[in-house]
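K.L.:
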Amino acid sequence: MSWLRAASAGTRLLANRSSVGGRRGAMGAAGSGMGNNTSTSLGNSATTPVKQIQETISDNCVVIFSKTSCSYCTMAKKIFHDMNVNYKVVELDMHEYGNQFQDALHKMTGERTVPRIFVNGTFIGGATDTHRLHKEGKLLPLVHQCYLTKSKRKEVE
Ligand SMILES: N[C@@H](CCC(=O)N[C@@H](CS)C(=O)NCC(=O)O)C(=O)O
Ligand code: FES
Numbered sequence: 001m002s003w004l005r006a007a008s009a010g011t012r013l014l015a016n017r018s019s020v021g022g023r024r025g026a027m028g029a030a031g032s033g034m035g036n037n038t039s040t041s042l043g044n045s046a047t048t049p050v051k052q053i054q055e056t057i058s059d060n061c062v063v064i065f066s067k068t069s070c071s072y073c074t075m076a077k078k079i080f081h082d083m084n085v086n087y088k089v090v091e092l093d094m095h096e097y098g099n100q101f102q103d104a105l106h107k108m109t110g111e112r113t114v115p116r117i118f119v120n121g122t123f124i125g126g127a128t129d130t131h132r133l134h135k136e137g138k139l140l141p142l143v144h145q146c147y148l149t150k151s152k153r154k155e156v157e
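Going by the UniProt record's numbering, the sequence shown opens with residue 1, and the numbers climb by one from there.
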């Protein structure tokens, strides 16, 4: 679990609350619980890597599968950091089963490269794709959608 906690150290809270029309706090509350979630079973060999990845991407609005040595990955993290968006990082090169996770990501996304980035449970691409989405103004809405859905789900619970 320690690798995961360390990887989450870069997570931040969504601060751009004004853009959700007065629903102050709703997104912050959802955000604080989600990006810092370290209870994912990634690394638990009892279940398949694909299932563990699916669980991680459904528990966290933004997940970056990364390698510590990769500057493309650093660039992707910076995009979310600069937007004040909480994200979860899985550093594959620090993980015992990193290779298996990379194989699983290959199966799920069609490429084995890093970074592999998921927003709201959906694969959005690598670093250049994410950068393009951000430049087109499409990235933050995807993140907002996730937090709004999650906070609505919380209200019904
Ligand atoms: N255009 C891709 C480039 C991805 C890429 O080429 N990643 C390299 C590292 S920068 C990679 O994954 N190499 C294989 C590996 O590390 O296993 C992106 O922006 O994500
Ligand atoms: S930028 Fe070189 S490994 Fe990603």
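Built from N, CA and C at the ideal position, the CB exists for glycine as well.
Can you grab the Cα-Cα spacing for the pair residue 99 / residue 88, in whole Å?
P.N.:
Counting from 1 along the sequence shown, the entry for residue 99 is found at position 99. Counting from 1 along the sequence shown, the entry for residue 88 is found at position 88. Straight-line Cα distance between these residues: approximately 19 Å.
K.L.:
Confirm, please, whether the CB-CB distance from residue 114 to residue 70 is below 8 Å.
P.N.:
As a working mapping, residue 70 is identified with position 70 in the sequence shown. As a working mapping, residue 114 is identified with position 114 in the sequence shown. Yes.
K.L.:
Leaving aside the five residues before and after residue 116 along the sequence, list all residues of the same chain whose C-beta is less than 6 Å from its C-beta, in chain order.
P.N.:
Taking the first residue of the sequence shown as position 1, residue 116 is located at position 116. 65, 105, 109.
K.L.:
If we count Cβ pairs, one from each stretch, closer than 8 Å, do we get three or more for the region 47-58 versus the region 79-86?
P.N.:
Short answer: they don't touch.
K.L.:
Drop a sphere of 10 angstroms on the beta-carbon of residue 145, count the other beta-carbons inside from all chains shown, and report buried for 16 or more, exposed for fewer.
P.N.:
As a position in the sequence shown, residue 145 is number 145, starting the count at 1. Its Cβ having fewer than 16 others within 10 Å, residue 145 is exposed.
K.L.:
Does ligand 4 have a heavy atom nearer than 7 Å to the CB of residue 67?
P.N.:
Within the structure as shown, ligand 4 is missing, the only ligands being ligand 1 and ligand 2.
K.L.:
Taking 7 Å as the cut-off, does the CB of residue 128 come closer than this to any heavy atom belonging to ligand 1?
P.N.:
Within the sequence shown, residue 128 is the residue found at index 128, counting from 1. Under cutoff, so the answer is yes.
K.L.:
Following a CB-centred definition, is residue 146 positioned closer than 7 Å to any heavy atom of ligand 2?
P.N.:
Locating residue 146 in the sequence shown gives position 146, where the first residue counts as 1. Checking every heavy atom of ligand 2 against the Cβ of residue 146, none is found closer than 7 Å.
K.L.:
Extract the residue ranges of the alpha helix (DSSP H) inside the UniProt domain "Glutaredoxin" (62-124), only unbroken runs of 4 or more that lie entirely within it.
P.N.:
Qualifying alpha helix (DSSP H) stretches, in chain order: 71-82, 98-109.
K.L.:
Pick from 92, 59, 142, 149: whose alpha carbon is nearest that of residue 112?
P.N.:
Counting from one through the sequence shown, the residue named residue 112 turns up at place 112. Ranking the options by Cα distance to residue 112, first place goes to 92.
K.L.:
Should residue 143 be labelled buried (16 or more other beta-carbon atoms within 10 Å of its own) or exposed?
P.N.:
The residue you call residue 143 lines up with position 143 of the sequence shown. It counts as buried.
K.L.:
Among the candidates 84, 94, 120, 97, whose CA atom is the shortest distance from the CA of residue 58?
P.N.:
The residue labelled residue 58 in the question sits at position 58 within the sequence shown. For residue 58, the nearest C-alpha among the options comes from 120.
K.L.:
Any heavy atom of ligand 2 within a distance shorter than 7 Å of the CB on residue 161?
P.N.:
Residue coverage of the chain in this structure runs from 1 to 157, which leaves residue 161 outside it and unanswerable.
K.L.:
Spell out whether any CB of chain B is found under 8 Å from the CB atom of residue 51.
P.N.:
Reference to chain B is not applicable here, since this structure consists of a single protein chain.
K.L.:
What residue range is occupied by the uninterrupted alpha helix (DSSP H) comprising residue 155?
P.N.:
Working through the sequence shown from its first residue, we reach residue 155 at position 155. First-last of the alpha helix (DSSP H) with residue 155: 139-156.
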